[in-house]
Each structure stands twice: as C-alpha cells, then as structure tokens.
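Participant:
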Amino acid sequence: MRYDVITVGGGLAGAALARALALAGMRVLVLERETRFRDRVRGEEMHCWGVGETRALGIYDLLKSSCARESRYWSVRVHGMPMVPPRDLVATSPHRCGTFSVLHPAMQEVLLEAAAAAGADVLRGAQVTGVEGGRSPTVRARIGAGEQIYAARLVVGADGRDSVCRSMAGFEVERDADGMLVAGVLLDGAAAPDDTTALFVRPDLGQLAIMVPVAPAQTRAYVASAVLKEARALSGRGRLPAFIGAGIAAGVPAGWLDRAEAAGPLACFDGSCRWVAHPYRDGVALVGDAAGATDPTFGCGLSLTLRDGRVLRDRLLEGEDWDAAAHAYATEHDEYFGAIHRLTGWMRALFYDPSEAAASVRARALPLIAAEPDRRPDIVGLGPAFPSDETARRRFFGEI
Ligand SMILES: Cc1cc2nc3c(=O)[nH]c(=O)nc-3n(C[C@H](O)[C@H](O)[C@H](O)COP(=O)(O)OP(=O)(O)OC[C@H]3O[C@@H](n4cnc5c(N)ncnc54)[C@H](O)[C@@H]3O)c2cc1C
Numbered sequence: 004m005r006y007d008v009i010t011v012g013g014g015l016a017g018a019a020l021a022r023a024l025a026l027a028g029m030r031v032l033v034l035e036r037e038t039r040f041r042d043r044v045r046g047e048e049m050h051c052w053g054v055g056e057t058r059a060l061g062i063y064d065l066l067k068s069s070c071a072r073e074s075r076y077w078s079v080r081v082h083g084m085p086m087v088p089p090r091d092l093v094a095t096s097p098h099r100c101g102t103f104s105v106l107h108p109a110m111q112e113v114l115l116e117a118a119a120a121a122g123a124d125v126l127r128g129a130q131v132t133g134v135e136g137g138r139s140p141t142v143r144a145r146i147g148a149g150e151q152i153y154a155a156r157l158v159v160g161a162d163g164r165d166s167v168c169r170s171m172a173g174f175e176v177e178r179d180a181d182g183m184l185v186a187g188v189l190l191d192g193a194a195a196p197d198d199t200t201a202l203f204v205r206p207d208l209g210q211l212a213i214m215v216p217v218a219p220a221q222t223r224a225y226v227a228s229a230v231l232k233e234a235r236a237l238s239g240r241g242r243l244p245a246f247i248g249a250g251i252a253a254g255v256p257a258g259w260l261d262r263a264e265a266a267g268p269l270a271c272f273d274g275s276c277r278w279v280a281h282p283y284r285d286g287v288a289l290v291g292d293a294a295g296a297t298d299p300t301f302g303c304g305l306s307l308t309l310r311d312g313r314v315l316r317d318r319l320l321e322g323e324d325w326d327a328a329a330h331a332y333a334t335e336h337d338e339y340f341g342a343i344h345r346l347t348g349w350m351r352a353l354f355y356d357p358s359e360a361a362a363s364v365r366a367r368a369l370p371l372i373a374a375e376p377d378r379r380p381d382i383v384g385l386g387p388a389f390p391s392d393e394t395a396r397r398r399f400f401g402e403i
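The numbering of the sequence shown is the working numbering, which starts it at 4 and goes up by one.
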C-alpha cells in the first residue's frame, strides 16, 4: 500500500502530525520502534505558546483530560536580582493560559492512540533502518524478524534529537559548540507548589534548577550547568544526593527537597543545540527534535515540535503541490527556530556564564531588566514572536 505520509517515529512530533493529517483524510502510517514508552527524562513543561499550538492542532482538551496539568504561575528567582512575585500566566500571556506540565511517556501513548483513532496505521516495534528520498520516497523498517519497505508521497522524519532519518536522507546537521549539561529526575515527595513552575538561577555559578509539578506529589526536577564536568557526574540513581545538593546550590529551598525520592532514572544530557537548515529535501521533511533540538534548559522543545506539526499540516492542506508545500514549511521553520535559537543564546550568555566578563555585563544589564522586565525575552508567553533583532539584543544586554 502506498501512503500519503509516513512518519518515522511516533513521539510528540510524529503522533500529533499523524493524527492531524489522518483527520484531514490522508492515508498515514506511523512507524514507532518502542512497544511501550518509558521515562527518558525529558519534555515535561510546555510553554504557553505551545499550549496555543495544542489548540490549533485540536489536542488541548485531549491532553488536559488525560496527561497534562495547567500550571498558572511561573516563578523565576535570579540570584542577585530583587525577588519578584510569580507571574500569573493566565492573566498575562498572549494565549491567556498557563503552561502544560505533562508526563512525557503518558502523553506519547495518548497521542499515538489518538492518531490510530483518527485513522492512521500505527506500527509499534517498527525500527526504521533505511530512508530513500525521491519522487516516491520509501522507508525500510525492521518489524520482529522481518523487514518491510513502505512508499509514500512524503516521508516525515520525527525520530528525535539523535535522528537517523535525517542522516539516511542526506541532511547535514549543525550544532552549537557551547551548551548546558542538563540532568533530570522525576521526584516523589518534593514539597514544591503544585500550580507553579519554579526556576532558580545562579549566574555566578553558571547553574540553574527547575521544578515542574507533573502530577499530584510528583515533580520533574532539572539541574543544568555551564560548568560541564560537574553536571556530567549527575547520572545514575546513586547520585541523587549530589543532584539535590546542586539544586539547593542553585537556589531551591532545602525544605522542598528534604523528603524527595527518585521515582525514575536520573540522567544527564548534553543540551547543546543541533539543527538542520531548511528541513526538507527530496520528498523527506523533518519535524520536532529531528529538525531542530534546542537547549532543554529553556524548555522550548515541545512547543517548537507542535509548531512544526501545525505548520506542516497547514501547508500540505493548501494544495496539491506537496514539494512546494514542504519547502514552504522548511522556510518558515528556519524563521521561528532561528528566533528561538537567537533568544536562548542571549539568555545563556547573560544568565549562565560565570566568567568575569559576563559578570560585568550583568552588572549593567540586570538593574535595567529589573526596572523594565520587557527587556528580557518572553520565552514562555510569546516564544519566537518576541523580537530578536539587533535593537532587542541591545536592550537585553543593557547597551541602550
Ligand atoms: C533532558 C531534557 C529535558 C527536556 N525538557 C523539556 C521541557 O521541559 N520542555 C520542553 O518543551 N522540551 C523539553 N525537552 C525537549 C523535548 O523533550 C523534545 O523537544 C520533544 O520530546 C521532541 O519530540 P519528538 O517527537 O521530536 O522527539 P522524541 O520525543 O525523541 O520522539 C522520537 C520518537 O521516535 C522514535 N524513534 C527513534 N528512532 C526511531 C527509528 N529508527 N525507528 C522508529 N522510531 C524511532 C522514538 O522511539 C520516539 O518515540 C527536553 C529534552 C531533554 C533531552
């Protein structure tokens, strides 16, 4: 059978897109290697503009009634800056909503089921081993002991930050040399507020911690560090005391973590950005982390992934020329991914660089940001719609 679209991967990117395209009447195949999703330590906090994308894709109610909680408040404490009350996101974000906190494996199951219910063929335990572009692109998959080849009008690589689809289809990957190391673990019993995502920043240490309430009495905690070797050691459950120590050093109140226990793996990742310029060629488009994985420290990955799905769906539904439609998606992707890449790069340079040179820039910029908070990119509310031109850059760094 020849499909309209095959997605390689059934994570957030593949499943959300497959559902949307199947609902629009297309014949869609999802090839997902996992038969059961497990905690991979990733992707729990979805910014307000990403929640806006769930509405555009028609999955807001589905997620909210199954695996997502809406956190109304966003709290940031930056060491060396005056304390400010938590931001009420419902009152102040352009989408008039909080952030979503999700348990990632549960979200993947919910969306894959929804894709199947919408009419997509979903094959689990299907490991993609080959992709060939062209006028009728094909995908080769290993399923059990056998191998199968499928053809489609369009193949979509949605196989995550270490995508093999993109290399098999001949895309070149670019990556930043600098980046944070990010360690995370799901905690039971942390005494963090359940309606607030809390971020703690220690610019002088190049370190931060994030506490995301994902379920009653369950919190996803992350610690990230620009000082590479320290964070690299925060892997494996035996390192939980060191992880908690790093969280407290970043500013998390010790009382929040007194009774915390690991409810899943503790793992550490290289968070440096990697992306493909113009993620479409020769019948193969890339979406989600396969197209561009941003530094997880800034929590934009889920929102960008949904933006990709929505934009590609809309372009494909506009007409019969899918080659032109997929090129149009890729051009748009470069713009919004580029904006997030610039904005998060500025934030990393100002807030997570412990060097003396960066400290002197902070001495100039932080008082100005405290007096005029709109100098700081609104990554949570506006995302890529926040200006990222030279004037915005100079305002952020206190040069004007
Ligand atoms: C430590 C960490 C923390 C993060 N925290 C946040 C956060 O708080 N907020 C946020 O917005 N983003 C966060 N992110 C980013 C977020 O997790 C990703 O942007 C998001 O999961 C991307 O979804 P995806 O579907 O593109 O990729 P994935 O979630 O990786 O899904 C890819 C799917 O493809 C399947 N697959 C892979 N290879 C094959 C193959 N050969 N054949 C078949 N199937 C295959 C995989 O099994 C998987 O199901 C974080 C990332 C990391 C690493």
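Positions of the beta carbon are idealized from the N, C-alpha and C atoms, including for glycine.
#1: In the structure shown, what three-state DSSP assignment does serine 170 receive?
#2: Pick from Arg43, Ala249 and Gly83: whose alpha carbon is nearest that of alanine 366?
#3: Report yes if the C-beta distance between alanine 16 and threonine 308 is below 8 Å; otherwise report no.
#4: Which partner residues does arginine 72 have in the DSSP bridge list?
#5: Can you tell me whether glycine 12 is helix, strand or coil according to DSSP?
#6: Classify proline 282: buried if its beta carbon has 16 or more other beta carbons within 10 angstroms, exposed otherwise.
#7: I'd like the ranges of any alpha helix (DSSP H) spanning at least 4 consecutive residues and lying wholly in the stretch 276-360.
#8: Roughly how many whole angstroms lie between the Cα atoms of alanine 117 and alanine 333?
#9: Would isoleucine 152 be called buried (16 or more neighbouring beta carbons within 10 Å of its own) or exposed?
#10: At a cut-off of 7 Å, would you count glycine 137 as near ligand 1, judging by its Cβ distance to the nearest heavy atom?
#11: Just confirm the distance between the C-beta atoms of valine 158 and glycine 286, as a whole number of angstroms; I'd bet it's less than 8 Å.
#12: Just the Cα atoms here: how many angstroms apart are leucine 208 and arginine 80?
#13: Between the stretch 24-42 and the stretch 94-105, do at least 3 Cβ pairs fall closer than 8 Å?
#14: Got a sec, what are the start and stop residues for the beta strand (DSSP E) phenylalanine 272 sits in?
#15: Which runs of the beta strand (DSSP E) at least 3 residues long sit entirely within the stretch 102-153? Give them in chain order.
#16: Pick out the complete alpha helix (DSSP H) segments inside the stretch 185-250, 4 residues or longer, and give them in chain order.
#17: Which residue comes first and which comes last in the alpha helix (DSSP H) that contains valine 54?
#18: From the DSSP output, which residues share a beta bridge with alanine 265?
#19: Strictly by DSSP, which residues pair up with glycine 384?
#20: Count the other CB atoms within 10 Å of the CB of alanine 144; is the residue buried (16 or more) or exposed (fewer)?
#21: Tell me the rounded alpha-carbon separation between glycine 136 and arginine 127.
#22: Any heavy atom of ligand 1 within a distance shorter than 7 Å of the CB on glutamate 150?
Facilitator: Short version:
#1: helix
#2: Gly83
#3: yes
#4: Ser104
#5: coil
#6: buried
#7: 304-319 and 325-354
#8: 26 Å
#9: Classification for isoleucine 152: exposed.
#10: no
#11: Cβ-Cβ separation between valine 158 and glycine 286: approximately 6 Å, consistent with a contact (criterion under 8 Å).
#12: 14 Å
#13: no
#14: 270-273
#15: 102-105, 124-127, 129-135 and 141-146
#16: Whole alpha helix (DSSP H) segments, 4+ residues: 231-235.
#17: Note, valine 54: alpha helix (DSSP H), 51-59.
#18: Leu190
#19: Glycine 384 pairs with nothing; no bridge assigned.
#20: buried
#21: 23 Å
#22: no
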